[in-house]
Amino acid sequence: MVDDLETTLTRYFRLAAPPGLVDRALRGVPADAPDLAGLAARVRIEATPRGVSWIRLDHRRGPRRPPPSLHQEPMAPAKPALELGFSDRLLDGGGGATGPTRRIAEQARRELAEYLAGRRAFFSVPVDLTGVPDFQARVLHETSQIPFGDVASYADIANRIGHPRAARAVGNALGANPVPVIVPCHRVVRGDGTWGHYLFGERLKTRLLTLERSTPALVGCATTRIVCRHGCTHEQRVREDRRIVFASIGDAESVGYRPCRVCRPDD
Amino acid sequence: MDETAFARVAEEYAARLYTVAFRMLGNRADAEDAVQRTLLKCFAARRSYSPRWAVSTWLYHALANVCIDELRRRRPAAERPPRATAPATVERVDLARALDRVPREARLLLALHYVDGLSYKDLARIRGISINTVKSQLARGKAVLKATLAEGGDGGRP
Numbered sequence: 000m001v002d003d004l005e006t007t008l009t010r011y012f013r014l015a016a017p018p019g020l021v022d023r024a025l026r027g028v029p030a031d032a033p034d035l036a037g038l039a040a041r042v043r044i045e046a047t048p049r050g051v052s053w054i055r056l057d058h059r060r061g062p063r064r065p066p067p068s069l070h071q072e073p074m075a076p077a078k079p080a081l082e083l084g085f086s087d088r089l090l091d092g093g094g095g096a097t098g099p100t101r102r103i104a105e106q107a108r109r110e111l112a113e114y115l116a117g118r119r120a121f122f123s124v125p126v127d128l129t130g131v132p133d134f135q136a137r138v139l140h141e142t143s144q145i146p147f148g149d150v151a152s153y154a155d156i157a158n159r160i161g162h163p164r165a166a167r168a169v170g171n172a173l174g175a176n177p178v179p180v181i182v183p184c185h186r187v188v189r190g191d192g193t194w195g196h197y198l199f200g201e202r203l204k205t206r207l208l209t210l211e212r213s214t215p216a217l218v219g220c221a222t223t224r225i226v227c228r229h230g231c232t233h234e235q236r237v238r239e240d241r242r243i244v245f246a247s248i249g250d251a252e253s254v255g256y257r258p259c260r261v262c263r264p265d266d
Numbered sequence: 000m001d002e003t004a005f006a007r008v009a010e011e012y013a014a015r016l017y018t019v020a021f022r023m024l025g026n027r028a029d030a031e032d033a034v035q036r037t038l039l040k041c042f043a044a045r046r047s048y049s050p051r052w053a054v055s056t057w058l059y060h061a062l063a064n065v066c067i068d069e070l071r072r073r074r075p076a077a078e079r080p081p082r083a084t085a086p087a088t089v090e091r092v093d094l095a096r097a098l099d100r101v102p103r104e105a106r107l108l109l110a111l112h113y114v115d116g117l118s119y120k121d122l123a124r125i126r127g128i129s130i131n132t133v134k135s136q137l138a139r140g141k142a143v144l145k146a147t148l149a150e151g152g153d154g155g156r157p
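Chains as they are written, first to last, in numbering that gives the first Met the number 0: chain A, 0 to 266; chain B, 0 to 157.
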């Protein structure tokens, strides 16, 4: 067998493409309009029992040609109970359909959909950064501290992790962000104020930052005098005429509101 | 290159791209994904394609980067569940296992070399390395394969 390695290799590498490959591969190639609401249905999520570990756009499911078998509304504002996308991957050794991994993937999908629809200003789903190199993990951690609607520069992040000359390395670390949007690498911009690159494309970075600047981050209830982050389950139950929007937690506390214990806007 | 030309090229090469990706990544889903990413990248960059490169070189160059990226991002901590694509013969199992031991770069070169019969010169151009590096990488890859097959394939088979 060792003697005829050549033949073995040739046989091993014989073409074996599944039928319909080209159609699937070319699907969605020109469909690139970054429609935020539709985006939620196109993300591909990988989760472990510890949290979300990977998020990317799935080009297989372009908005132009939805697979006929999949009747998934891109966004259902009234009932945000979104099913798992078929491309989601649960990395718990192929466990059950109701396990914690599945719940995490579902929660991530739901929160992403709410966020992209402007109904949520924070994420509570845990993130699993196991295996991410130390430097990148610190960059991601620091980035996740940038509040909703705010921005920081690559140099800021480099300073905060104690590597003031590593702004470019920060850019690379964020370009390889395993969980974009949840770790808000779109909130990191260039020092001169231009927006720089984004792993989902610059247009999408613009859309996300615009969305954040036009969405209130903190909402108080005039009856309970509790202030929540936008998207908290309690915030979603506040009546329209009792809602008060705050610019910062300091603002809210100065007029006697206390932070919600569930979404913890004071953290 | 316009869109119809691109579609034609994609059609011509999709199967070969897929086979390389499948042998590099080990499962259907990731392989299809890699092909798709490759075609997307090339489609986005189709205006900057210059005819002094062979189309195949251009496509394989992109595919190689996509595959290497994917392998790099796979983390040892998050073990993937084994796929249900059972290889047909014992020989294939052995070879698949042996190929897993071959370093990434050499494995990629082996796949490109055997799937499309690419010459050393093409391989060098695709990976941006010298022809001598291609030769030594291929030789090293085959040496690892031989060693692994020799130690693992004891008895059992004629």
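All residues carry an ideal CB built from backbone N, CA and C; glycine is no exception.
* To do: Following the continuous beta strand (DSSP E) through Phe333/A, name the residue where it begins and the one where it ends.
  => Since the displayed chain A opens at 0 and closes at 266, residue 333/A lies outside it and no answer follows.
* **DSSP state of Ile54/A mapped onto helix, strand, coil** => strand
* Asked: Taking contact to mean at least 3 C-beta pairs separated by less than 8 Å, is the stretch 10-26 of chain A in contact with the stretch 22-42 of chain B?
  -> yes
* Other residues of its chain near Gly174/A: CB distance less than 6 Å, five sequence neighbours each side excluded -> Leu198
* To do: Please confirm whether His229/A and Val237/A have their CB atoms less than 7 Å apart.
  => no
* What residues in the stretch 129-146 of chain B have a beta carbon less than 7 Å from any beta carbon of chain A? -> Lys141, Leu144, Lys145
* Within 7 Å, strictly: CB atoms of Val124/A and Val51/A -> yes
* Report, in whole angstroms, the separation of the C-beta atoms of Tyr113/B and Phe12/A, which I expect to be a contact under 8 Å. => 4 Å
* Asked: Would the beta-carbon of Leu20/A fall within 7 Å of that of Ala4/B?
  -> no
* Run down chain B in chain order and give the residues with a C-beta less than 7 Å from the C-beta of Ala16/A. => Ala13, Ala14, Tyr17, Thr18
* Give me the Cα-Cα distance between Val92/B and Leu8/A, rounded to the nearest whole angstrom. => 13 Å
* Asked: Is any beta-carbon of chain B found at less than 7 Å from that of Val21/A?
  -> yes
* Using DSSP with H/G/I as helix, E/B as strand and the rest coil, what is Cys184/A? -> helix
* Closest residue to Ala15/A among Asn131/B, Leu144/B, Asp115/B, Asn64/B (Cα-Cα distance) -> Asp115/B
* Asked: Can you tell me whether DSSP reads Leu137/B as helix, strand or coil?
  -> helix
* To do: Pull out every residue of the stretch 113-139 of chain A whose Cβ sits closer than 7 Å to any Cβ of chain B, in chain order.
  => Thr129, Gly130
* Reduced DSSP category for Leu217/A - H, G, I as helix; E, B as strand; rest coil -> strand
* To do: Locate the alpha helix (DSSP H) running through Glu2/B, then write down its first and last residues.
  => 2-24
* To do: Name the residue from Ile181/A, Arg167/A, Arg108/A, Arg159/A whose alpha carbon lies nearest to the alpha carbon of Phe122/A.
  => Ile181/A
* To do: Please look up how many angstroms separate the CB atoms of Leu111/B and Val19/B, rounded, as I've assumed it's under 8 Å.
  => 6 Å
* Asked: Of the residues that make up the stretch 39-51 of chain B, which ones have a beta carbon closer than 8 Å to any beta carbon in chain A?
  -> Leu39, Phe42
* To do: For Pro258/A, I'd like the list of residues in its chain whose CB is within less than 7 Å of its CB, leaving aside the five on either flank, ordered along the chain.
  => Val226, Ile248, Pro264, Asp265
* Is there contact here, the stretch 131-146 of chain A with the stretch 156-173 of chain A, by at least three beta-carbon pairs under 8 Å? -> yes
* Run of the alpha helix (DSSP H) containing Ile248/A, from where it starts to where it stops -> 248-253
* In its own chain, which residues sit with a C-beta less than 8 Å from the C-beta of Arg24/B, not counting the 5 before and 5 after it? -> According to the sequence shown, residue 24/B is Leu rather than Arg. The residues are Ala30, Ala33, Cys66, Glu69, Leu70.
* To do: Would you verify that the beta carbon of Val34/B is, or is not, closer than 7 Å to some beta carbon of chain A?
  => yes
* **Supposed contact pair Arg189/A and Ala151/A - C-beta distance, whole angstroms, cut 8 Å** => In fact, because the Cβ distance is near 11 Å, the residues do not count as touching under 8 Å.
* How would you write the range of the beta strand (DSSP E) that Ala46/A sits in, first residue to last? -> 42-47
* Asked: Hey, would you say Leu89/A sits closer than 7 Å to Thr100/A, going by beta carbons?
  -> yes
* Residues, ordered as in the chain, of the stretch 102-119 of chain B that lie near chain A by beta-carbon distance below 8 Å -> Leu109, Ala110, Tyr113, Val114
* Give the secondary structure of Ala151/A by DSSP, where H, G and I count as helix, E and B as strand, and everything else as coil. => strand
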